[in-house]
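Residue numbering for the sequence shown follows UniProt numbering, starting at 1 and increasing by one per position.
Below is one structure, written out as structure tokens; comments come after it.
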Amino acid sequence: MRDIYLDESIIFLDLQEKTKEDVLSVMGGKLYEKGLVKATFIDAIIAREREFATGLPTKGVSVAIPHTDIEHVNQKTISVGILKEPVAFGVMGGGPEETTPFNWCSCLRWMRHTHSWHFYSV
1 MRDIYLDESI IFLDLQEKTK EDVLSVMGGK LYEKGLVKAT FIDAIIARER
51 EFATGLPTKG VSVAIPHTDI EHVNQKTISV GILKEPVAFG VMGGGPEETT
101 PFNWCSCLRW MRHTHSWHFY SV
């Protein structure tokens, strides 16, 4: 886990956003401010999530794995968001209306070389 950026400025407590797009925008916006991702990142991650939902309704822990191409990332990063209320993510392989609640804690990874952004809800 060398060269991974993590600091309290990208840890979000009590996020009050109501949609996955808003969560992705707020967290991605802060990462952009810090130069960790490119200006194209937020639109790219939201577009990718709309096209291919990444929510996994696992027992006890809902997981979402939004990601986009590495061309939108500058630095490997871990950012944490604690949500005040659950936010729905589309279910991977599910129908267009099928969602899973993304509960209260999320951990995101932007990996420059693996081009993924992982959310873990606990």
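Each residue gets a CB set at the ideal place from its N, CA and C atoms; glycine is no exception.
- I65 has its alpha-carbon roughly 5 Å from the corresponding atom of T54.
- It is roughly 35 Å from the alpha-carbon of G35 to the alpha-carbon of G60.
- Unbroken alpha helix (DSSP H) runs of no fewer than 4 residues, entirely contained in the region 15-60, are found at 20-33 and 41-51, following chain order.
- Per DSSP, the continuous beta strand (DSSP E) segment holding P101 begins and ends at T99 to F102.
- Each residue's CA atom was taken as its position, placing V37 and L24 some 13 Å apart.
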